[in-house]
Structure formats: C-alpha cells, structure tokens
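One structure is given below, encoded as structure tokens.
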Amino acid sequence: METLKIPEWLKQGGQPVCAGAVIREGFIEKNLKAVSSFLKEMLSVRNPASGPAGGLFQGVSARARIGGVFVLLVGAVFMDNAISLFFLISTVIFIACLSHAGLFPLLKRVVPAVIFSLVVIWPVFFNFFTAGREFLVFDIFGSRVALTEEGLFQGGFFILRVTATASLVSLLFLTAKEADIFGGLKGLGVPAFFVTAIFMTFRYVFILLKIVEDTSLARKSRTINPAVMRDGKRWFSSRAGFLLQRALYFSEEVTLSMAARGFTGRIKVFASVPLRGKDYLWLGFAFFVFFMSIGRF
Amino acid sequence: MQGMEEVYRLERVSCFYGEVAALKDIDLNVLRGESISVLGANGAGKSTLLKLLDGLIFPSSGRVMFFGMSLGDAVNLKALRERVGFVFSEPDVQLFSPTVFDEVAFGPLQIGLSGKEVVKRVEDTLTFLGLSHLKERPPYTLSTGEKKKVAIGSVLSINPEVLLLDEPTTGLDPKTQVWLIEVLAELKKIGKTCIIATHDLSLAADLSDRVVILGESHTIASVGSAEHILGNKELLLGANLIHEHAHRHGEIIHRHSHGPFSIHDEHE
Chain A
273 METLKIPEWL
283 KQGGQPVCAG
293 AVIREGFIEK
303 NLKAVSSFLK
313 EMLSVRNPAS
323 GPAGGLFQGV
333 SARARIGGVF
343 VLLVGAVFMD
353 NAISLFFLIS
363 TVIFIACLSH
373 AGLFPLLKRV
383 VPAVIFSLVV
393 IWPVFFNFFT
403 AGREFLVFDI
413 FGSRVALTEE
423 GLFQGGFFIL
433 RVTATASLVS
443 LLFLTAKEAD
453 IFGGLKGLGV
463 PAFFVTAIFM
473 TFRYVFILLK
483 IVEDTSLARK
493 SRTINPAVMR
503 DGKRWFSSRA
513 GFLLQRALYF
523 SEEVTLSMAA
533 RGFTGRIKVF
543 ASVPLRGKDY
553 LWLGFAFFVF
563 FMSIGRF
Chain B
400 MQGMEEVYRL
410 ERVSCFYGEV
420 AALKDIDLNV
430 LRGESISVLG
440 ANGAGKSTLL
450 KLLDGLIFPS
460 SGRVMFFGMS
470 LGDAVNLKAL
480 RERVGFVFSE
490 PDVQLFSPTV
500 FDEVAFGPLQ
510 IGLSGKEVVK
520 RVEDTLTFLG
530 LSHLKERPPY
540 TLSTGEKKKV
550 AIGSVLSINP
560 EVLLLDEPTT
570 GLDPKTQVWL
580 IEVLAELKKI
590 GKTCIIATHD
600 LSLAADLSDR
610 VVILGESHTI
620 ASVGSAEHIL
630 GNKELLLGAN
640 LIHEHAHRHG
650 EIIHRHSHGP
660 FSIHDEHE
C-alpha cells in the first residue's frame with residue numbers, strides 16, 4: 273500500500289492570532305448579499321398571517337382572493353380622482369388589520385415601490401416638464417426652476433395610484449401562502465403548465481440564490497482583504513457563468529424527474545373547489561368598486 | 400431465484416455522453432422482488448444505469464428489456480411510469496411543487512388516478528413516512544433528510560413495482576439512514592423490486608440479494624450475492640470502493656480496509 277506523504281509545510285503551525293483590522297466586506301459581496309436578501313424578502317410568502325386561521329381575508333378562497341385583487345387592480349387603473357384611490361388604500365389597510373397582516377409589513381412592501389416611482393417621476397413636479405401655475409421657485413445656478421401645481425397634482429396622483437396597486441398586491445402576498453397563490457391561479461383557469469413554470473422559476477431562484485451566497489462565502493473564507501473592484505467584477509462574471517451551468521443542470525434534471533413520474537407535456541392537477549359565500553361577497557365588492565371606477569367614481 | 404419473473408434484461412448495453420463512455424457492454428438481469436445494489440466509485444455510471452432502466456435516456460447500443468419488451472420501442476410509457484419509480488440522488492431536482500402534499504400528489508395525478516384516490520394515497524403515504532405534519536410546507540424549506548423522505552414519498556404514492564434509488568443515503572444523518580433502511584426493508588418484504596445505486600457498502604450489506612460492481616472502466620466488474628461480493632476485499636479495492644490502511648501495533652503491522660464498511664483480516 274502507498275504511504276501518504278505529507279508535505280513539510282503542512283506540518284507547520286499557523287500564525288499566532290493577533291489583533292488586526294476589522295474584517296470588511298467588498299463592494300461585490302455587499303451587493304450580492306443585499307440583492308439576495310431583497311429577493312428573499314420580496315419573493316418569500318411566509319408570515320403568521322398567511323395561515324388558514326389568520327383572519328378576515330384568509331377566509332376567502334385563494335382563487336377568489338386573486339380574482340378580486342386583479343379586478344381591483346384594473347379598477348385602480350380607471351380611477352380618475354384622488355378620493356377613490358384614498359378609499360381603495362384605506363380599504364386595503366382595513367382588510368390588512370382585520371387579517372392580522374399588520375401595518376408595518378404592508379408598509380415595508382409598499383414604500384420601496386413608492387420611492388422607486390418618485391425616483392422615476394420627479395421631473396414631473398417641475399416647470400421644465402409640466403407647465404402650470406408656479407408656487408415654489410428656486411434659483412439654481414442662475415436657472416429658474418419651479419414646482420408647479422399641475423405637476424404636483426399629476427405626480428401625486430401617479431404616486432397614489434402606485435400606492436393603491438402596490439398595497440393591493442402586498443395584501444395578497446401577506447395573507448396567502450405561495451401554494452395558495454399558485455393554486456388560486458390554476459383555479460382561475462390560468463393553464464396549469466404556465467402556473468407550474470412560474471412556480472418552478474420562483475422555486476429555483478431560491479436554490480440559485482443559495483448557490484450564489486455559498487459561493488460568495490466560500491470565497492470570503494479564503495480571502496483576507498475584500499476584492500478590489502476589477503478582481504471582484506472578474507470573479508462575479510465567472511460565477512455568473514457557473515450559475516448558468518447550474519441552472520441548465522437543474523432544468524435538465526427537473527425535466528427528467530418530472531418525466532419519471534408520468535409527466536408527458538400536459539400537467540394534470542386537482543379539480544377546483546367551488547366558490548363559497550365569502551368568496552362571492554369579496555368578488556361582489558371588487559366588481560362593485562370596478563364598475564364604480566369605470567363610471568367615474 | 401429460479402422461476403421468478405424477469406423484470407429487466409440488459410443486453411450488451413453501452414451508453415456514451417458524446418465521446419465519453421458512461422457504461423460499456425452491460426449484461427444484467429433483474430428478477431421480480433429482487434433487491435440489487437449497484438456499487439461503484441464516483442463516475443462509474445451508476446446514475447446512468449438507473450436512468451436507462453427508467454427509460455429516461457436510451458442506450459447508444461444494446462437493448463434494455465422491461466418485462467420482455469424493449470424500452471423505447473415497444474413499452475407503453477404510461478405502463479412504465481406506473482410500474483417504475485425513480486428517487487433521484489439530489490432531492491432538490493425532484494421537489495418542484497408548491498407544497499409537500501402537491502409533491503406527493505404529482506405522480507398519481509399524472510398517471511390519471513381520480514382526485515379522491517390521489518388524496519387517499521397522499522394521506523396514506525405521508526402517514527407511512529411520518530410526514531403528515533409537513534404537508535402544507537413548501538419542499539424547499541425542509542431539511543435534507545425531510546426532503547429525501549418527501550422525494551421517496553413522491554415516488555411511493557405511484558405504487559411502483561420497481562423502485563430505483565440513486566444514492567439514497569447521501570447527506571442523511573445516521574438516524575435518517577437507519578429509518579431509510581427500515582423503510583426499504585419493509586418495501587422488500589412486500590415484494591417490491593429495489594435497485595439501489597450507492598457507494599454505501601453497509602446499505603448494500605443490509606438490503607441486497609445481489610450486488611453489482613461497476614468498475615472504473617464502466618463495465619460490470621462482478622455480480623454476485625451480497626455476502627460473496629462484500630467479502631471480496633480485492634474486488635472492492637479494485638473498484639475503489641474501499642481504501643486500505645496500515646498501522647503498527649508494537650511489532651505487528653495491522654492492515655485493514657478503511658471506511659464505514661471495514662474488513663479486518665490481515666496481520667503481519
């Protein structure tokens with residue numbers, strides 16, 4: 273039998289532990305961590321309110337919940353005054369409270385959407401984009417820049433619409449388990465293959481995120497200083513290629529595992545459960561708001 | 400084993416991935432109710448062999464016969480899927496449904512069972528495997544052991560006659576490994592045919608009627624009873640399934656194989 277020969281350097285002890293600089297994270301690491309945590313936060317539908325005994329909204333079937341929210345979303349697009357949008361937002365907050373979803377989790381999901389909208393539309397508030405009655409004038413490097421009433425109204429209305437739609441979608445995510453959402457989509461007649469494809473994308477995003485995190489940690493465990501930007505970018509590109517390979521591997525293996533259990537291209541699912549009283553009530557409310565918004569509510 | 404019906408017959412089966420050989424000239428038969436372990440080092444072709452047996456890939460040359468019919472030509476795919484269940488080595492590729500319940504229901508629904516029958520099968524399977532408390536959970540939130548159990552459940556609910564298990568004990572803690580061996584022993588008792596690809600020799604010793612050794616040349620190095628094969632140290636060393644280790648006890652040099660399945664036999 274061959275004897276294992278240990279290199280001399282492997283027998284020597286390591287450096288003594290001493291005080292040093294605080295371990296910092298590099299730009300790429302920080303961003304990977306932030307993106308990963310954001311995606312997890314946004315995509316994962318796990319909270320105490322999503323359970324069956326959660327509250328008011330949980331009593332409505334997933335199919336009706338999704339259908340009603342969709343109708344209200346379309347309604348919100350047609351609403352042309354601030355009061356109706358305020359009404360819709362208040363209704364969402366009211367339902368969220370009665371469903372034990374909580375105001376803070378709702379805000380946590382809605383506020384980023386509002387901030388993003390503000391970043392996109394801020395020029396609308398000013399006279400160089402929306403002409404109108406100026407009510408606050410600034411002198412910036414000799415240029416006259418002013419906030420206009422019309423700009424504020426248009427921008428404010430857009431923000432309100434975003435708040436209403438984002439809070440509706442957040443309410444749905446806060447009060448339903450992901451299985452309910454996908455089951456509900458199937459119940460609404462969305463083709464099963466399409467729903468399964470969305471779910472699998474959703475599910476494997478988490479696995480790929482885990483691989484990204486682990487790869488980043490494995491690198492961190494063998495480096496001392498955070499990577500300089502150029503090296504970091506190079507490493508990131510090589511990992512993107514690795515991730516693509518893993519994604520391809522998963523897609524092939526998942527297809528085989530589906531075929532092994534009888535999948536032949538058409539996914540068969542359970543028949544939908546019929547709608548009940550609460551479902552009709554919720555859908556009735558949603559359609560009422562929708563028709564009122566079309567009729568210039 | 401004489402007189403037992405033949406489930407599989409492989410005749411001079413070779414399989415290549417491009418230029419790379421995965422299996423070469425494999426001749427093998429599997430009888431109904433038999434429990435066979437396919438042992439081999441990493442990359443020997445164990446997983447490829449299981450995929451061939453499940454009709455997921457087809458040989459580059461040779462024939463795979465299933466109950467006397469050639470896979471790929473004559474066998475009805477629905478009949479094959481109803482009779483053969485495949486547990487993949489990596490549970491993550493097998494668990495793609497929103498909940499554990501949906502996962503276990505996937506197979507029975509695809510083979511066309513009624514909703515009522517599917518629900519009954521799923522409930523029974525979850526109870527049998529002790530997974531009822533997890534039925535509403537998304538599979539990706541489970542631990543590795545739980546995922547493996549769900550993957551097994553997702554195949555058992557089809558009630559297959561043949562079970563193909565790829566590396567079933569990999570990544571499991573000792574308690575779950577023992578649980579798995581007990582489950583497989585129960586399935587063997589009720590007459591299921593089990594083909595297990597593994598490099599866990601103790602699993603092979605506990606469950607197998609016969610052991611097939613796939614060598615690193617991708618051919619069958621040996622086939623025989625578990626007792627005969629697992630007692631052959633030279634064969635196991637040659638297939639890289641065990642590693643020999645030597646140390647000194649005073650004047651005596653003690654040589655033995657190393658790993659979870661050890662053969663202590665030599666002193667100098």
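First to last, the protein sequences are chains A and B. For the record, in the first sequence the residue sitting at position 194 is 466 according to the numbering used here, with numbers rising by one throughout. For the record, in the second sequence the residue sitting at position 104 is 503 according to the numbering used here, with numbers rising by one throughout. Glycine residues also receive a C-beta, built at the ideal position from the N, C-alpha and C atoms.
query, result
"Cutoff 8 Å; reference SER459 of chain B; Cβ partners in own chain excluding five residues on either side", "SER413, CYS414 and PHE415"
"Alpha-carbon to alpha-carbon, LYS302 of chain A and ASP491 of chain B", "27 Å"
"Short Cβ contact (7 Å threshold) for PHE559 of chain A with VAL343 of chain A", "yes"
"GLU667 of chain B in three-state terms, based on DSSP", "For GLU667 of chain B, the pLDDT reaches just 48, beneath the cut-off of 50, and the residue's location in the model is therefore unreliable, although a value from the coordinates is still provided. DSSP places GLU667 of chain B in coil when its eight states are reduced to three."
"Residue closest to ARG335 of chain A, alpha-carbon to alpha-carbon, out of A:VAL307, A:LEU460 and A:LEU390", "A:LEU460"
"Chain A contact for TYR407 of chain B (CB, 7 Å cutoff)", "no"
"Contact set between the region 606-620 of chain B and chain A, restricted to residues whose Cβ is under 9 Å from the partner", "none"
"Reduced DSSP category for ASP426 of chain B - H, G, I as helix; E, B as strand; rest coil", "strand"
"LEU328 of chain A (DSSP reduced to helix, strand or coil)", "coil"
"Three-state secondary structure (DSSP) of PRO659 of chain B", "Confidence at PRO659 of chain B is low in this model, with a pLDDT of 49, below 50, so its placement is unreliable and no value can be given for it."
"Contacting residues, own chain, Cβ-Cβ under 8 Å from LEU430 of chain B (five flanking each side not counted)", "MET400, MET403, GLU404, GLU405, VAL406 and THR592"
"Whole-angstrom distance between LEU328 of chain A and TRP394 of chain A, CA atom to CA atom", "37 Å"
"Same chain, Cβ closer than 7 Å to ILE278 of chain A, neighbours up to 5 away in sequence not counted", "none"
"Beta-carbon neighbours of SER553 of chain B, restricted to chain E and to distances below 8 Å", "Protein chains A and B are contained in the structure displayed, whereas chain E is not."
"For ALA420 of chain B: DSSP bridge partner residues", "B:PHE415"
"CB of ILE641 of chain B within 7 Å of CB of ASP605 of chain B, strictly", "no"
"Neighbour flag for TYR416 of chain B against chain A, beta carbons, 7 Å", "no"
"Segment limits, alpha helix (DSSP H) that includes ALA584 of chain B", "573-588"
"Under 7 Å between C-beta atoms of PHE485 of chain B and ASP523 of chain B", "no"
"Any chain B beta carbon closer than 7 Å to ALA543 of chain A", "yes"
"Residues of the region 475-493 of chain A whose Cβ lies closer than 7 Å to any Cβ of chain B, in chain order", "ARG475, PHE478 and ILE479"
"Buried or exposed by the 16-neighbour rule on C-beta atoms within 10 Å, applied to TYR476 of chain A", "buried"
"Length-filtered (3 minimum) beta strand (DSSP E) runs lying within the region 356-422 of chain A", "406-412 and 415-420"
"Coarse secondary structure for MET564 of chain A, derived from DSSP in three states", "helix"
"In DSSP terms, what ALA596 of chain B is bridged to", "B:VAL437 and B:ASP565"
"Contact set between THR575 of chain B and chain A, taken where Cβ atoms lie within less than 7 Å", "Neighbours of THR575 of chain B on chain A: none; closest Cβ ~21 Å, over 7 Å."
"Closer than 7 Å at the beta carbon, the chain A residues around GLY492 of chain B", "In the sequence as displayed, the identity of residue 492 of chain B is Val instead of Gly. Within 7 Å Cβ-Cβ: PHE522, GLU525, VAL526 and SER529."
"Residue-level contact to chain A via CB, ARG411 of chain B, 7 Å cutoff", "no"
"Cβ of PHE465 of chain A within 7 Å of any chain B Cβ", "no"
"Length of the line joining the Cα atoms of GLU667 of chain B and ILE651 of chain B", "Residue confidence is low: GLU667 of chain B scores 48 on pLDDT, short of 50, so the model does not pin down where it sits. No coordinate-derived value is stated."
"7 Å Cβ cutoff, ARG482 of chain B in contact with chain A", "no"
"Own chain partners of LYS492 of chain A with C-beta closer than 7 Å, once the 5 adjacent residues on each side are dropped", "GLU301"
"Sub-7 Å separation of PHE454 of chain A and PRO497 of chain B beta-carbons", "yes"
"Residues near TRP554 of chain A by beta carbon distance below 6 Å, same chain, minus five either side", "VAL332, ALA336 and GLY340"
"Short Cβ contact (7 Å threshold) for GLY461 of chain B with GLU418 of chain B", "no"
"Environment of LEU282 of chain A [buried if 16+ CB atoms lie within 10 Å]", "exposed"
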